[in-house]
Structures are given as C-alpha cells and as structure tokens.
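Asker: Quick one: structure below, then a few questions.
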Amino acid sequence: MLFTHKTQSDLSQYGWSVATVLAIAAICFPFTDLIGYRTVSLILLMVVSILAMRFSIGPVSVAAILSALIWDFFFIPPHFTLTVGHGEDALMLLMYFIIALLNGILTNQMKVYDRIMRRREDKESTLRLYNTLFNSLSHELRTPIATILAASENLASKDQQWSEQDKQAMNHVIHTGAERLNRLVDNLLNVSRLESGHLTLKWDWCDVGELINTAALRLKPDLDNKTLHIKIPANWPLMRLDFVLMEQAIYNLLHNAATYTPPGTRIEVDGAYQNHQLTIRISDNGQGFKEEEDLLRIFEKFYRPAGSKAGGVGLGLSIVKGVIKAHHGSIEVRNKPDGGAEFILNIPTGQLLRPTVNH
Amino acid sequence: MPCILIIDDESAIRKLLEITLQANGYKTQSAANAQEGVTMAAMHPPDLILLDLGLPDEDGQSVLIRLREWFRQPILILSVRSGEEDVVQALDHGANDYLIKPFRPGELLARIRSALRLAQSGDQDPVQEFGNLTVDVATRTVRKNNEPVKLTSTEFALLSLFVRNEGKVLTHSFILREVWGPGYVTQTQYPRVFVGQLRKKIEDEPDQPRFILTESGVGYRFVGNT
Chain A
79 MLFTHKTQSD
89 LSQYGWSVAT
99 VLAIAAICFP
109 FTDLIGYRTV
119 SLILLMVVSI
129 LAMRFSIGPV
139 SVAAILSALI
149 WDFFFIPPHF
159 TLTVGHGEDA
169 LMLLMYFIIA
179 LLNGILTNQM
189 KVYDRIMRRR
199 EDKESTLRLY
209 NTLFNSLSHE
219 LRTPIATILA
229 ASENLASKDQ
239 QWSEQDKQAM
249 NHVIHTGAER
259 LNRLVDNLLN
269 VSRLESGHLT
279 LKWDWCDVGE
289 LINTAALRLK
299 PDLDNKTLHI
309 KIPANWPLMR
319 LDFVLMEQAI
329 YNLLHNAATY
339 TPPGTRIEVD
349 GAYQNHQLTI
359 RISDNGQGFK
369 EEEDLLRIFE
379 KFYRPAGSKA
389 GGVGLGLSIV
399 KGVIKAHHGS
409 IEVRNKPDGG
419 AEFILNIPTG
429 QLLRPTVNH
Chain B
429 MPCILIIDDE
439 SAIRKLLEIT
449 LQANGYKTQS
459 AANAQEGVTM
469 AAMHPPDLIL
479 LDLGLPDEDG
489 QSVLIRLREW
499 FRQPILILSV
509 RSGEEDVVQA
519 LDHGANDYLI
529 KPFRPGELLA
539 RIRSALRLAQ
549 SGDQDPVQEF
559 GNLTVDVATR
569 TVRKNNEPVK
579 LTSTEFALLS
589 LFVRNEGKVL
599 THSFILREVW
609 GPGYVTQTQY
619 PRVFVGQLRK
629 KIEDEPDQPR
639 FILTESGVGY
649 RFVGNT
C-alpha cells in the first residue's frame, strides 16, 4: 500500500481525491437532517485522512480544501451559500480546515520517513550480503593458504625429523589445499565470464554422451566411495552446444552431488530427447535439501544451505544456471519423493545431426 | 641428454620446471621474456621449448610464429584455464602440444617424452602395439585381442593419424584437414561422429575410452600406453 503513491500518477491522484470527496458528500447530503451537519464534517475529515494515507501531499490538500468548501456550501446553514450563520460553525470550519491539512502533512511525513528507513534497510542488507561474501571468500582463500604455508614450513624445517608417513600427510595437505584454491579461482573466473555479458557461446556439434563422460572422467578422483551411473541412449544425434561450458556445468552438478552426499551414495545421470528438447537429469539418493528455502535459492550466487560442509562459496550452481541460461534452457531442482536431490536440465536443441556412415 | 628451453615470466614456475626437468635427466635453459627466449633459442638451439603464452613483452602467438619460421623441434605451450581458444590457435600456429596451468609434473613429463619421441622417430614401425590393440599401417589391418577389427577407410585413416601422432593432442581442424581434406575444416561434426564409431570398435568401454581421449574444447589425443 505504501507504494501506491509511486505507481499512480499525480493527475489521477487529484482526480480520485476530488471524486471521492464529491461522492461521499453526495451520499451524506440526503441524510443531513438525520445525522446532523456536524457529523458530516467528521465523515469528510475521515475521508481526507484515508486519502492522506495513500496519496501525496498535493491531492490531499485539494481534498481538504474542497471538502471544507463543500461542507460550508451544502451543509452549514444557510445552505448553498458560503456564508456561515453561527459563530461556532465558523470556528468549526476553521478547525476542520486546519485538522484536514495537518492530517495530510503528518501522514506525508510518515511516508517519507518510512521510505528513508526502507532505503536504509536495503543498504544494510546489501552491506550484510557483501560482508558474508567477504567473510566466506576470505575464509575460503585463507584456509588452504594457511594449511599450505604451515605444511610447507614444517617440511622445510631442519630441526625436525619427520617420519615418511608425516611427510606424506603434509604433502597431501598441500596438494588438497592447492586444488581447493584452484577450484575456487576457476569458479570465480567462470562467474565473471558469465556475468560480464561478453561471453559468446562457441556453438559446435556435440555428442552429449561424450560430453557427460568427459565431465565424469574429470570427477573420478573426487568420487570417493560414491558411485556414478550414466544412462545416455547410444546413437543420439549430435546437438549444437558449447562443449566446454556444458561440460563445466555437468561437472559442477556432479561435483556437488559427490561433495554433499553421504558415503555410499548413488549418483545417476540420465538423458532424454523429445520435441527438440534435450533433458538431462542428475539425481542422487542422498539426503536432499533440508529447507524449502534451499530449493528456492540454491542457484543464487553465494547462497549456501545452512550447515553446508566447509569448502566452496556457493558459486558452482550459479555457474550452472548461467551456462544453461546462455543456452536458452532452464534448470529445476527438487527433492525426490523417495529421498535425495534431483536436478533437471532442459535445453532446446533446434537443429540436429544424425550420425551417418557414408565414408 | 635433451636440452629444454623454458620461456616463462614467472620465476617460481621457472624454478619448479627446472628442478622437475633436471631431476628427470634433462638439461635446461630459462628465459623470462620473449626477447631473451628467442635469442637463447637461436644461440643454443634446444631440443624442445616450453613456451608460456602470457609473456610481458610480446604476445605468445607471435613469439610462436616467429620461432616456427626456423625452429623445427617441438614447442609445448603453457596456458591458463579457459584459454582453449588460444590453445587451439597456438596448435594451429605450429605448437606441438599444450599444458594447462596448473599442471601435474607427471603430465608435463609425459607430454615432453611423447613430443621428443615423435620428433626423433623418423620412420615409424608399420606395426604398432598398444595393449590389446595392434595397428598395422602397411597392411591396413587392426586387431583387438588378436581378433581382426573391421574399419571403414575413413575410420582407418583417422586411426592411423592418431597412431602416427601418439600422445599428441590433435585439434578438430587438423584432423579434418588431414583425414577429409582442406575443404572440410569447418565440418566439426565429422570427427565427433567418426571418433564415436572408432571408439565403439577399438575401446573396451567406449564410454570410458583409454585410447582416444577428448580434450575439452580443443580436440582429441590418442594415448597408446598408459
């Protein structure tokens, strides 16, 4: 309601003010003798107050002046003159006028104040977002840097004799830390590439099965004790996609599934092709998303579900969404009825190419 | 002892490359910019050059073109991720292979070994064995687990191109030019289709190939022995 004054043009606000005052006055007129003309002034005052809640100061002033004149002309005896018979009626008319105007001004001030507060809140929430982002980014950057620095310093130390096992453990720490940094930088670069608006897709004929298998091959080291099952029909036609970007999107989805599911999880990829639309489903039998909010916001940049495991800043899925959008497609996420999360990609393919053996 | 010239402006990368290469029996020289690198290559021609595409004083592609005017030995490109287009361009300008930073030392050494091997081997043995796969270029026969594999002439042309360039990345346009001819370089669907068919015939698991690997956004690489 607070925003109506912005959407309605000033002119229509004046129209509504005048019309409302006239209509209410017309309704009251036949009942003047029954309710008394002084009650009419209270009714009109109420109308002006209601108008003041919605309209800006100008139309409200007009309503105040108009209603005062109408009250005087039609209701205060002698009727149909602007003359006021009694001294107390004159005083009442004056007070009516002042109250109506004050009403308008005060309500308007309240609205202005409200707007300022709203803007301040917006600014604060943006600031909060930036702070969270900064905190999580600097945490994500510092953690691997800290482990790499500490482990490499340990290895370099001459005073200490490390067992072969310890050395290997520290090497492992350095390695995983560097990989984490690498992934983060890749994601940041991809986000900025997608958001710069300069990204032009490299459309090329792609074998979707090959594309998914390439992503799966890259995932292998991170799969741990989870299993990946790919079901793409053989002899699919070639489709025009950006191989590198799509492969990155599929990899991100698979990597997410592998990272945020419990051991032993089964990850499935299957594809369907119908009515010039390619559908890829990536699902797991993990725990799915806990909150309804997660499902709504999971593709937002820097959004991470509460209690997410360390590692990652919430960029992976926003990249996926960006890539799919660049392909004019859509992506949905849901919790499967029998548990686990499911991502469904729909991409319009247009032209197709059936593989033929003619050489 | 093969000598390798490293042209990279990052001293940390240079140091690391030197240590890795020397530990594996290579001699090294290092240059921090294009000018120095080209001069060094001219004065003491190395057996292989590792060239970073992002140099401070000159665009990597033009350094490559300049070197290729007279330098016949392998040149390996070092590039950053999401620079696939630069890589393809460099390969088309005569680079032999590429590595995406950050790369693993094992990968680096494997690439260097296969580039040097390809450069030194004059005439390849007509019969090549890769695990359970045997390719005989002379008789145009292919056997898998000792069973003959029936290939179409295009499939065979593609496979023998891969075998001749074992271990080396081949761009889509290079494959098209070599197998189909210069008029076909834009028909990028051909290699996709024929590599798919070839995989079905020579791979144990066509979905998880061990011989013909996909290099995202660049091309294909035939890996004979892993």
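For the protein sequence lines, the chains are A and B, in the order given.
According to my numbering, the first sequence is numbered sequentially starting from 79.
According to my numbering, the second sequence is numbered sequentially starting from 429.
All C-beta atoms, glycine included, are put in the ideal place defined by N, C-alpha and C.
None of these values were measured; they are calculated from a predicted model.
(1) In whole angstroms, give me the CA-to-CA distance for Phe650 of chain B and Glu497 of chain B.
(2) Is the number of C-beta pairs between the segment 560 to 567 of chain B and the segment 468 to 481 of chain B that are closer than 8 Å three or more?
(3) So if I threshold CB-CB distances at 7 Å, which residues from the segment 314 to 334 of chain A count as touching chain B?
(4) Can you say whether Tyr208 of chain A is buried or exposed, counting buried as having 16 or more other CB atoms within 10 angstroms of its CB?
(5) Can you tell me the Cα-Cα spacing of Val322 of chain A and Lys236 of chain A, whole angstroms?
(6) Give the C-beta separation of Leu587 of chain B and Leu626 of chain B to the nearest angstrom, bearing in mind that I take them to be a contact with Cβ-Cβ under 8 Å.
(7) Quick one, are the C-beta atoms of Ser95 of chain A and Val140 of chain A less than 8 Å apart?
(8) Taking Leu266 of chain A as the reference, give the member of A:Gly275, A:Thr98, A:Leu319 and A:Lys379 with the closest Cα.
(9) Show which residues of chain A have a CB atom less than 8 Å away from the CB atom of Gly647 of chain B.
(10) Can at least three beta-carbon pairs, one atom from the segment 297 to 306 of chain A and one from the segment 341 to 360 of chain A, be found at a separation below 8 Å?
(11) If you drop the 5 nearest sequence neighbours on each side, which residues of the same chain put their C-beta closer than 7 Å to that of Pro156 of chain A?
(12) What number of angstroms, rounded off, separates the C-alpha of Asn653 of chain B from the C-alpha of Phe558 of chain B?
(13) Which one of B:Leu476, B:Ser601 and B:Arg494 has the shortest CA to CA distance from Gln617 of chain B?
(14) Which complete beta strand (DSSP E) runs does the segment 213 to 296 of chain A hold, if anything under 3 residues is left out?
(15) Counting along the chain, where does the alpha helix (DSSP H) carrying His600 of chain B start and finish?
(16) Specify, as a first and last residue, the run of the alpha helix (DSSP H) that Asp564 of chain B falls within.
(17) Hey, Gly407 of chain A and Pro426 of chain A: beta-carbon distance below 8 Å or not?
(18) Would the segment 355 to 363 of chain A and the segment 219 to 232 of chain A be scored as touching if the rule is three or more Cβ pairs under 8 Å?
(19) Contact criterion: CB-CB distance below 8 Å. Does Gln457 of chain B meet it with respect to chain A?
(20) Flag this pair as yes or no: are the beta carbons of Val613 of chain B and Arg620 of chain B separated by less than 8 Å?
(21) When you compare the CB of Gly287 of chain A with every CB in chain B, is at least one pair closer than 8 Å?
(22) Could you please give the first and the last residue of the uninterrupted beta strand (DSSP E) stretch that includes Asp656 of chain B?
(23) Just verifying my parser: in three-state terms, what is the DSSP assignment at His307 of chain A?
(24) Please list the partners that Leu306 of chain A has in chain B, where partner means a Cβ-to-Cβ separation under 9 Å.
(25) Could you tell me which chain A residues have their CB closer than 9 Å to the CB of Glu464 of chain B, listed as they occur along the chain?
(26) In chain A, what lies closer than 9 Å to Thr448 of chain B by C-beta?
(27) Excluding the 5 residues flanking Leu332 of chain A on each side, which residues of the same chain have their C-beta closer than 8 Å to its C-beta?
(28) State yes or no: is the C-beta of Gly255 of chain A within less than 8 Å of the C-beta of Pro222 of chain A?
(29) What does Asn249 of chain A reach in chain B if we use C-beta pairs closer than 7 Å?
(30) Kindly say whether Val516 of chain B, judged by its beta-carbon, lies nearer than 8 Å to any beta-carbon of chain A.
(31) Please list the residues of the segment 632 to 645 of chain B that have a C-beta atom closer than 7 Å to any C-beta atom in chain A, keeping them in chain order.
(32) I want to see whether chain D comes within less than 8 Å of Glu512 of chain B, judged by CB atoms only; does it?
(33) Which residue comes first and which comes last in the beta strand (DSSP E) that contains Asp514 of chain B?
Answerer: The structure says:
(1) Here residue 650 of chain B refers to the residue found at position 222 when the second sequence is read from its first residue. Here residue 497 of chain B refers to the residue found at position 69 when the second sequence is read from its first residue. Using only the alpha carbons, I get a separation of about 28 Å.
(2) no
(3) Leu316, Phe321, Val322 and Glu325
(4) For the purposes of this step, residue 208 of chain A is taken as the residue at position 130 of the first sequence. Counting C-beta atoms within 10 angstroms of its own C-beta, Tyr208 of chain A has fewer than 16 neighbours from the protein chains shown and is therefore classed as exposed.
(5) Taking the first sequence and counting its residues from 1, the one referred to as residue 322 of chain A is at position 244. Taking the first sequence and counting its residues from 1, the one referred to as residue 236 of chain A is at position 158. If I take the Cα positions, the gap works out to 46 Å.
(6) Counted from its first residue, the second sequence places residue 587 of chain B at position 159. Counted from its first residue, the second sequence places residue 626 of chain B at position 198. Confirmed, about 6 Å.
(7) Here residue 95 of chain A corresponds to residue number 17 of the first sequence, with the count starting at 1. Here residue 140 of chain A corresponds to residue number 62 of the first sequence, with the count starting at 1. Yes, the pair counts as a contact, with Cβ atoms nearer than the cut-off.
(8) Position 188 of the first sequence, counted from the start, is the residue given in the question as residue 266 of chain A. Nearest of A:Gly275, A:Thr98, A:Leu319 and A:Lys379 to Leu266 of chain A, Cα basis: A:Lys379.
(9) The residue given as residue 647 of chain B occupies position 219 in the second sequence. Result: empty, since nearest Cβ-Cβ is about 11 Å, beyond 8 Å.
(10) yes
(11) Here the question's residue 156 of chain A lines up with position 78 in the first sequence. Contacts found: Gly163.
(12) Position 225 of the second sequence, counted from the start, is the residue given in the question as residue 653 of chain B. Position 130 of the second sequence, counted from the start, is the residue given in the question as residue 558 of chain B. Near 6 Å, if we compare the C-alpha coordinates of Phe558 of chain B and Asn653 of chain B.
(13) Residue 617 of chain B sits at position 189 when you count from the first residue of the second sequence. For Gln617 of chain B, the nearest C-alpha among the options comes from B:Ser601.
(14) Entirely contained in the segment 213 to 296 of chain A, the beta strand (DSSP E) runs reaching 3 residues are, in chain order, 281 to 284.
(15) Against the second sequence, residue 600 of chain B aligns to sequence position 172. From DSSP, the alpha helix (DSSP H) with His600 of chain B extends over His600 to Ile603.
(16) Along the second sequence, read from residue 1 onward, the residue named residue 564 of chain B stands at position 136. Segment Leu561 to Asp564 is the beta strand (DSSP E) holding Asp564 of chain B; no alpha helix (DSSP H) there.
(17) Here residue 407 of chain A is taken as the residue at index 329 of the first sequence, counted from 1. Here residue 426 of chain A is taken as the residue at index 348 of the first sequence, counted from 1. Closer than 8 Å, so yes.
(18) no
(19) Locating residue 457 of chain B in the second sequence gives position 29, counting from the first residue. Judged by the 8 Å Cβ criterion, Gln457 of chain B is not in contact with chain A.
(20) Position 185 of the second sequence, counting from 1, holds the residue named residue 613 of chain B. Position 192 of the second sequence, counting from 1, holds the residue named residue 620 of chain B. It is not a contact, given that the beta carbons lie outside the stated cut-off.
(21) Start at 1 with the first residue of the first sequence, and residue 287 of chain A comes out as number 209. With 8 Å as the cut-off, Gly287 of chain A counts as an interface residue toward chain B.
(22) With chain B running from 429 to 654 in the structure shown, residue 656 of chain B is simply not present.
(23) Taking the first sequence and counting its residues from 1, the one referred to as residue 307 of chain A is at position 229. In this structure, His307 of chain A counts as strand in the three-state DSSP scheme.
(24) The residue labelled residue 306 of chain A in the question sits at position 228 within the first sequence. Under the 9 Å cutoff, chain B gives no residues; its nearest Cβ is about 11 Å from Leu306 of chain A.
(25) Numbered from 1 along the second sequence, position 36 holds the residue referred to as residue 464 of chain B. Within 9 Å Cβ-Cβ: nothing; Glu464 of chain B doesn't reach chain A, min ~29 Å.
(26) Translated into positions along the second sequence, residue 448 of chain B becomes position 20. None at all; the shortest Cβ gap to chain A is about 15 Å.
(27) Along the first sequence, one-based indexing puts residue 332 of chain A at 254. Excluding positions up to five away in sequence, the list reads Ala293, Ala294, Leu297, Leu306, Ile345, Val347 and Ile360.
(28) Numbered from 1 along the first sequence, position 177 holds the residue referred to as residue 255 of chain A. Numbered from 1 along the first sequence, position 144 holds the residue referred to as residue 222 of chain A. In this structure, Pro222 of chain A lies closer than 8 Å to Gly255 of chain A by Cβ.
(29) In the first sequence, residue 249 of chain A corresponds to position 171, counting from 1. Those within 7 Å of Asn249 of chain A in chain B number zero; the least Cβ separation is about 13 Å.
(30) Position 88 of the second sequence, counted from the first residue, corresponds to residue 516 of chain B. Not an interface residue.
(31) Asp635, Gln636, Thr642, Ser644 and Gly645
(32) Absent from the structure is chain D; the protein chains it does hold are A and B.
(33) Start at 1 with the first residue of the second sequence, and residue 514 of chain B comes out as number 86. Here Asp514 of chain B belongs to no beta strand (DSSP E); instead the alpha helix (DSSP H) covers Glu512 to Asp520.
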